[in-house]
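**Q** Just dropping this structure here.
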Amino acid sequence: MKRVLITGGAGFLGSHLCDRFIKEGYHVIAMDNLITGDLKNIEHLFQLEHFEFYHHDVSKFIHVPGDLDYILHFASPASPIDYLKIPIQTLKVGSLGIHNCLGLARVKKARVLIASTSEVYGDPNVHPQPEEYWGNVNPVGPRGVYDEAKRFQEAMTMAYHTYHGLETRIVRIFNTYGPRMRLNDGRVLPAFIGQALRGEDLTMFGDGSQTRSFCYVDDLVEGIYRLLLSDYAQPVNIGNPDEITIKEFGEEIIKLTGTSQKLISLPLPTDDPKQRKPDITKARSILGWEPKVSRAEGLKITYDYFKSLSKDDLFRMAHHKTF
Ligand code: UDP
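Just add 14 to the spot in the sequence shown (first one is 1) and you have the numbering used here.
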């Protein structure tokens, strides 16, 4: 039986990856310090013989007994609000955290896959963004702690690959959504749906002309799974190229939820990228992957998830304050 370590295993993406690897018949070890992760996301796995949870900060030395075939490094705050609140931890998990994972991988002779991000492209001057684009990042802006940590993480991973011959994979993840997003993480989808559910106006930043391209989580997980099992060590974009303005997105959420509230405009945060859309030529040709779930389907599933949460869960998710 193959054994996989998933850091950030109690988070939004990490928990979906735990589910997928359990389904594929792996022994799954999830590691999380629960700063932004939530045990609720993985509690359904606790009774399984082939699932283990380590409450541990991956920025500190990692000890995992037994063999490991794969290490997936998904631990990191991942929303602009989070990394504004915990900038140092964000930098540490992307730098010290990946160093620990890579060291562990050498000892275990494991393959490492790291969660990188479209943020390595910053506020891009090239559109859509292919992997060859080097980006336009402000290192000292509010997003710098995340963007630079992820860029360092890619550099460190490539160095272990070329210098130590470690097997490595790099996925650049574009905006992804789905069940288990944290309602108060500040990202646009949980913000809008949460506001609609509470009967508040939807807070659009700026004039809403900035674009994003939203990928449903199951599609992302499929792309990551294929990349891990491929033999391709260079970065690969995984995301849905279906681009939309934030204003249109807000209008879609208003329609979906049937709220009688409206979009209101708040100031645009510093360094908010004006446009973002993945070029997925590589994922198509190397992995035979492309997204299958339309935004209409994915948003419906996600809205149903948020609606199905109990009042207690909604309260807990809205006031989850461990930092
Ligand atoms: N946004 C917004 N209202 C919100 C939260 C976000 O208009 O309440 C905008 C944000 O300014 C950005 C886009 O939605 O242009 C996506 O933001 P998110 O934080 O989800 O992710 P990003 O792609 O910026 O990292």
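Think of the CB as a built atom: it goes at the ideal place given N, C-alpha and C, for glycine as much as any other residue.
Once DSSP output is grouped into helix, strand and coil, what is the label at Q209?
**A** Q209: helix per DSSP, three-state reduction.
**Q** How about Q224: is its Cβ closer than 7 Å to a heavy atom in the ligand UDP?
**A** Under cutoff, so the answer is yes.
**Q** Given 8 Å as the limit, is there contact between the segment 161 to 168 and the segment 198 to 215, that is, 3 or more CB pairs closer than that?
**A** With a cut-off of 8 Å, the segment 198 to 215 and the segment 161 to 168 do not count as touching, because too few Cβ pairs lie within range.
**Q** Please work out which residues of its chain come closer than 7 Å, Cβ to Cβ, to Y147, disregarding the five sequence neighbours upstream and downstream, and give them in chain order.
**A** Here the set comprises Y135, P138 and V140.
**Q** For L27, collect the residues of the same chain with a Cβ closer than 6 Å to its Cβ; drop the 5 residues on either side in sequence, then sort them by chain order.
**A** These residues qualify, in order along the chain: F88.
**Q** For P292, name the three-state secondary structure that DSSP assigns.
**A** DSSP places P292 in strand when its eight states are reduced to three.
**Q** Leaving out the 5 sequence neighbours to the left and right, which residues in its chain are closer than 8 Å to Y372 when beta-carbon positions are compared?
**A** The structure shown does not extend to residue 372, since the chain is modelled only from 15 to 337, so the question has no answer here.
**Q** Taking K325 as the reference, give the member of R17, L197 and L313 with the closest Cα.
**A** It is L197 whose Cα lies nearest to the Cα of K325.
**Q** Could you check where the beta strand (DSSP E) with V185 kicks off and where it finishes?
**A** That run of the beta strand (DSSP E) goes T182 to I187.
**Q** What is the DSSP secondary structure of Q143, reduced to helix, strand or coil?
**A** Q143: strand per DSSP, three-state reduction.
**Q** Please name the residue in P153, S109, P144 and I207 whose C-alpha comes closest to that of M170.
**A** When only C-alpha atoms are compared, the closest one is S109.
**Q** With a Cβ-Cβ cutoff of 8 Å, do R290 and T190 count as a contact?
**A** The answer is no: Cβ separation not under 8 Å.
**Q** Would you give the residue range spanned by the beta strand (DSSP E) that A169 belongs to?
**A** From DSSP, A169 is part of no beta strand (DSSP E) but of the alpha helix (DSSP H) over G158 to H178.
**Q** Using only the alpha-carbon positions, how far apart do P101 and K314 sit?
**A** Their backbone Cα atoms lie some 33 Å apart in a straight line.
**Q** A119 by DSSP, collapsed to three states: which one?
**A** Note: A119 maps to helix in three-state DSSP.
**Q** Pick helix, strand or coil for L197, following the three-state DSSP scheme.
**A** It is coil, neither helix nor strand.
**Q** In whole angstroms, what is the alpha-carbon distance linking T271 and G22?
**A** Going from the Cα of T271 to the Cα of G22 covers about 30 Å.
**Q** When the Cβ atoms of the segment 24 to 44 are set against those of the segment 226 to 245, are three or more pairs found closer than 8 Å?
**A** Contact between the segment 24 to 44 and the segment 226 to 245 is present, because at least three Cβ pairs lie under 8 Å.
**Q** Compute the distance between the beta-carbons of S223 and K261, then report whether it is under 8 Å.
**A** Result yes, Cβ atoms of S223 and K261 sit closer than 8 Å.
**Q** According to DSSP, what are the bridge partners of E257?
**A** According to DSSP, which records beta bridges pairwise, E257 is partnered with S227.
**Q** Pull up the CB-CB distance for I43 and Y84, whole angstroms please, since I reckon it's below 8 Å.
**A** Actually they are not in contact, since the Cβ atoms of I43 and Y84 sit about 10 Å apart, beyond 8 Å.
**Q** What's the C-alpha gap between I207 and K269?
**A** About 11 Å.
**Q** According to DSSP, simplified to helix, strand and coil, what is N251?
**A** Looking at N251 - three-state DSSP - the assignment turns out to be strand.
**Q** Using the Cα positions of F35 and R125, report the straight-line distance between them to the nearest angstrom.
**A** So the alpha carbons of these two residues sit roughly 15 Å apart.
**Q** Given R120, which residues of its chain have a CB within under 7 Å of its CB, disregarding the five upstream and five downstream residues?
**A** Counting only Cβ-Cβ distances below 7 Å, and skipping sequence neighbours, we find H178 and L180.
**Q** Since Y40 and V18 are thought to touch, with beta carbons under 8 Å apart, how far apart are those beta carbons, to the nearest angstrom?
**A** Indeed they touch by this definition, with Cβ atoms about 5 Å apart.
**Q** Please classify T131 as buried or exposed, where buried requires at least 16 other C-beta atoms within 10 Å of its C-beta.
**A** Burial call: buried.
**Q** Among the candidates G192, H58 and L118, whose CA atom is the shortest distance from the CA of S308?
**A** Closest option to S308, Cα to Cα, is G192.
**Q** Have a look at the DSSP bridge pairing and note the partners of E66.
**A** For E66, which the question treats as bridged, DSSP gives the partners I43.
**Q** Mapping DSSP to helix, strand and coil, what is Y84?
**A** Looking at Y84 - three-state DSSP - the assignment turns out to be strand.
**Q** Need the endpoints of the beta strand (DSSP E) that L59 sits in, please.
**A** Premise fails: L59 is in no beta strand (DSSP E) and is neither H nor E.
**Q** Tell me the rounded alpha-carbon separation between A210 and F65.
**A** Near 36 Å, if we compare the C-alpha coordinates of F65 and A210.
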